[in-house]
Amino acid sequence: MSAELILCPHCGKENLPQATRCVYCGEDLEELFRIEGVEDNTALQDEPGISTADLVEALRQADSQKDEKTGAADRNGQNEAADSGGETESEPPAGEDEQTPEWLARIRKRAQQEEDAAGELTRKGSSLDTARSEDHQGRVDEEFASWIARIRENARRENLLTPKPAADSAESEGGVPEWLRKVRELQPEAEEEEPLAEEPAPEEAEPKEGQNDAAEQVRAEEGEPNKETSPDEDTGESESAPEEALETEPEPEPVREHEEAAEEAQTPAETPEAEESAPAPKTPELEPVLEELGLAAASAAVELEEKPASSAELGADLLLLRRQKENAQILMNLIGEEGRGLPPAKTQRVSGRGWYRFILGIFLLLVLAAVLVFVPEAKPGQVENPAPAAALKEALGRLASGDKVLVVLEYQAADSAELEQITAPVLKALQTRGVEMQFLTTHPNGLWLADALMRKADIPAHETGFLAGGKLGVLAAALNPDGESALVPAGVEKLENYALILLLEDSQMDIQNWIEQAGPWLSADKIGVLASSQNAALLLPYYDAGQLAGFAAGTTEGRVLAQALDRTDLPSAPSRAFQAGLLVMIAVILLGVLSKVEADSGARRPKEPEA
Amino acid sequence: MKKTVPVLVAAAAALFILAALFLGEPLAGWLGIVLNWAVITASAALLVAIAALILTHLRNVLGGKRGFLFSLILISAFLASFIGALVLGVDNGEYLRWVAAVQLPLESSLLGLAALVMTAAALQIFRNRGWSLLTISFGISALVFLVIALGLLQALNIPLLTAVLNYLQRLPLIGARGLLIGIGLGALLMGLRVVLGLERPWGE
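Chains D and S, in that order, are what the protein sequence lines are.
Oh and the first sequence: position 266 is 266 in my numbering, straight run, nothing missing.
Oh and the second sequence: position 112 is 112 in my numbering, straight run, nothing missing.
Below is the structure:
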């Protein structure tokens, strides 16, 4: 085949005749697309029976045959490949060093051929795409897809299912072999189109294990094609019986022949010795194609015989092929659905179970209403505050008249109801004791929230300073040695001068700002916190570390704290609303659990009949 | 140069702050000055960010882009707040009540929506995730702490029950402490990366 290689006019190196560009220098070749032995490729277009798939397959066969020969020669340690085809690829290159071992030369040559083959097939496909007519394009695409699927299936054949014992499954009722029934199942349209021309006798189809090896060996020695072997002499392992039966099974001729050719292109590596000794008959459809392509001489040694397969293996392969087709169809459907919106979920409602949910929901709502209406609110005197709240109460109790307390508002409007209920009694108690309070906020909305808080606490209005800068502002306030910092509002003294800094917080970040930025500059027990209930958990570590004088979080602790300060807590509307919200959350979680249990029982129900 | 100078400034500022925190009073005055610079710079950056925001939405309105009505609402609210504060002053009672009348229901609604979302998530978690260690522990802990937060059990004033409740209420301390340690370590590492120039939060 190397005798037909073309030389690149630019670099002078050899290239395959189908190459459009030189593989060495990348320059365009003079002959855009020239097939071996064909001077004018317009003949291809004139030939209606030749499809792209035929051409691709024929070229692939040629490559496969080359590979097979090279591999066989390597195994036998003989130079058979050079004798059989006369191709120069299998011969050691004339110009090469004579000291190079022959096997090494072959390996190098084969590696080069495989590299070329990969690019060659792509180039051929792309070149022929331009020659396609629009009328044949759909058919060609369909055939090509079918070819690719079958070629892949054959490539996986070795790694898939292990062969099953053929003796038990070879024959079944009516004398029809199992593999034949599977073929009929997979090819029902073929049976409908053409009746069986010949029904193989059961004894013909039944493989005989004992005779197989000997007959195969004799055939290999005589160079006799398997096709001429009697089925009686064949066995399951020689796998010529299924082929014989397949020949008797009518099929759509072009498709079937293409399939056989595709399988042959993949199988030579599996049985190289048998194929070397037994030249296969060429498929009639491919003969003119090969002649047209100039591959007739090379294909003289090409074995187009399909690899024999045992009935069990063939059946498994056919079933695998069907599964692959189904998977391919599923994949095509998925690709087709890509980008489209999801279809509306089809929930199967089981009739008669709606009342169950309805009653459950009504029951939970009734329980909720009953708790809110009939259950008395917890009396503060009955509740013992946790240690942090008790510590805060002690810190507040130590304040005397004239002590300065800095009240820092750092909560949002949405939490104002809860914070006001906690804070108002404390502020009122401090006002009663004569404690001097200053108000500061780091949030702009704290300006008007402070006004609302003072009104709620029923204390005289105080001016509220705005500390800008967030974290930096807090640090600047802590560092304010003389009370002259431009960042700190007028009237706010050095933080150390205050007996207590009372933070009104609903955000963990703001609490951290004060503890981490101002805390190092302050003595211990200077910071107390009144916070919303969700901050209780994150305040505990700071309290345990001694960074907080104490804290009270949530309305319950706030009410107990107010009771301890001899103040009556505010009307408890937020507390009841808080309880209502908690009850709703409890009911919802219980509903989720019950819903899951119901779904599980519904899922088990359809499985029961199967069990 | 563009990359080096910001790194040097950030590293110098960080080292100076650290030194001031460790040394205390000797550097406190200088620290105040540096903080003034930082606050002024941050305020200017905030103004730039506000200007960019307004310009973006102004372009949306002028270009008639989709959703330009929301941009129009944003610009109107900003101008009303800005001009009101300029004219009346940020301490004006009327102005503060006007802002409160808008902000309070909005924030409350937002918080209510968050509660609804969390409720829906609690309803769906068992269906979507099935029975697992995570979902079961979530359900049990949520129910226990919701019941405790109701305050009804504390009102029973049973000594043994109170002791159990106090113990349970300290359980979150474990998770909170772990969370704070994680935050602290993360902040420490991030600070070191900034000081060493490995992290550039100001962008390339």
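From the three backbone atoms N, C-alpha and C, an ideal C-beta is built for every residue, glycine too.
Since the model is a prediction, treat every value here as computed from it, not as a measurement.
Beta-carbon within less than 8 Å of residue i's beta-carbon, same chain only, minus the 5 sequence neighbours each way: which residues are those?
i: L372(D); result: R576, Q579, A580 and L583
i: T162(S); result: Q154
i: Q217(D); result: Note that Q217(D) scores 49 on pLDDT, short of 50, meaning its location in the model is unreliable; the coordinates nonetheless yield the value given after this. There are no such residues.
i: N497(D); result: K404
Spatial neighbours of residue i within its chain, please: CB distance less than 6 Å, with the 5 preceding and 5 following residues excluded, ordered by chain position.
i: G434(D); result: S401
i: V407(D); result: M437, F439 and L502
i: T135(S); result: I125, F126 and R129
i: L192(S); result: none
i: K526(D); result: I501
If you draw a straight line from the C-alpha of residue i to the C-alpha of residue j, how long is it?
i: F358(D); j: L133(S); result: 29 Å
i: A429(D); j: E436(D); result: 12 Å
i: G93(S); j: L447(D); result: 10 Å
i: G592(D); j: G602(D); result: 15 Å
i: A20(S); j: A187(S); result: 19 Å
i: L27(S); j: L487(D); result: 18 Å
i: E178(D); j: W147(D); result: 26 Å
i: A85(S); j: L58(S); result: 21 Å
i: A414(D); j: E107(S); result: 5 Å
i: G151(S); j: T432(D); result: 29 Å
i: L189(S); j: L35(S); result: 23 Å
i: A461(D); j: T423(D); result: 15 Å
i: P281(D); j: R184(D); result: For P281(D), the predicted structure reports a pLDDT of 46, less than 50, and the residue's modelled location is therefore unreliable. The matter cannot be settled from this model.
i: S485(D); j: I33(S); result: 9 Å
i: A176(S); j: G184(S); result: 12 Å
i: D91(S); j: V7(S); result: 40 Å
i: E420(D); j: R559(D); result: 11 Å
i: K3(S); j: I335(D); result: 47 Å
Using CA atoms only, rank isn't needed, just tell me which of the options is closest to residue i.
i: S71(S); options: V87(S), L35(S), I54(S) and N92(S); result: I54(S)
i: G178(S); options: K456(D), R181(D), L538(D) and Q534(D); result: L538(D)
i: Q508(D); options: K109(D), W521(D), Q412(D) and A452(D); result: Q412(D)
i: T230(S); options: A49(S), L143(S) and G67(S); result: Given that chain S is displayed from residue 1 to residue 204, the structure contains no residue 230(S) and the question cannot be resolved.
i: A390(D); options: R157(D), Y356(D), Y543(D) and L590(D); result: Y543(D)
i: Q103(S); options: G89(S), L31(S) and S81(S); result: S81(S)
i: L365(D); options: A105(D), G12(D) and I586(D); result: I586(D)
i: L548(D); options: G528(D), L561(D) and G554(D); result: G528(D)
i: E410(D); options: A468(D), R455(D), G361(D) and W103(D); result: A468(D)
i: Y167(S); options: L7(D), L565(D), R150(D) and P386(D); result: P386(D)
i: R323(D); options: E102(D), Q534(D), A149(D) and D600(D); result: A149(D)
i: G397(D); options: C11(D), L427(D) and Q18(D); result: L427(D)
i: L15(S); options: L31(S), I50(S) and N157(S); result: L31(S)
i: E170(S); options: L565(D), L540(D) and E142(D); result: The residue you asked about is not Glu; residue 170(S) is Arg in the sequence shown. Among L565(D), L540(D) and E142(D), the Cα nearest to that of R170(S) belongs to L540(D).
Does any residue of chain S have a CB that is nearer than 8 Å to the CB of residue i?
i: L530(D); result: no
i: T556(D); result: yes
i: G434(D); result: no
i: A369(D); result: no
i: G581(D); result: yes
i: K393(D); result: no
i: P388(D); result: no
i: D458(D); result: no
i: S523(D); result: no
i: D403(D); result: no
i: H10(D); result: no
i: M454(D); result: no
i: S533(D); result: yes
Please check if any C-beta of chain D sits within less than 8 Å of the C-beta of residue i.
i: S108(S); result: yes
i: V195(S); result: no
i: I125(S); result: yes
i: G89(S); result: no
i: T41(S); result: no
i: V147(S); result: yes
i: N36(S); result: yes
Among the residues of its own chain, which have a CB less than 7 Å from the CB of residue i, if the five just before and after it don't count?
i: K471(D); result: N513 and Q517
i: F78(S); result: I54
i: A450(D); result: L409, F439, T441 and T464
So within the segment 81-122 of chain S, which uninterrupted alpha helix (DSSP H) runs reach at least 4 residues, ignoring any that extend past its ends? none
With a floor of 3 residues, list each beta strand (DSSP E) that falls wholly inside the segment 514-595 of chain D, ordered by position along the chain. 527-531 and 550-553
My parser needs the beta strand (DSSP E) runs of 3 or more residues fully inside the segment 383-412 of chain D; what are they? 404-410
Would you list, in sequence order, the uninterrupted beta strand (DSSP E) runs of no fewer than 3 residues that lie entirely inside the segment 439-500 of chain D? Here the runs fully enclosed are 464-466.
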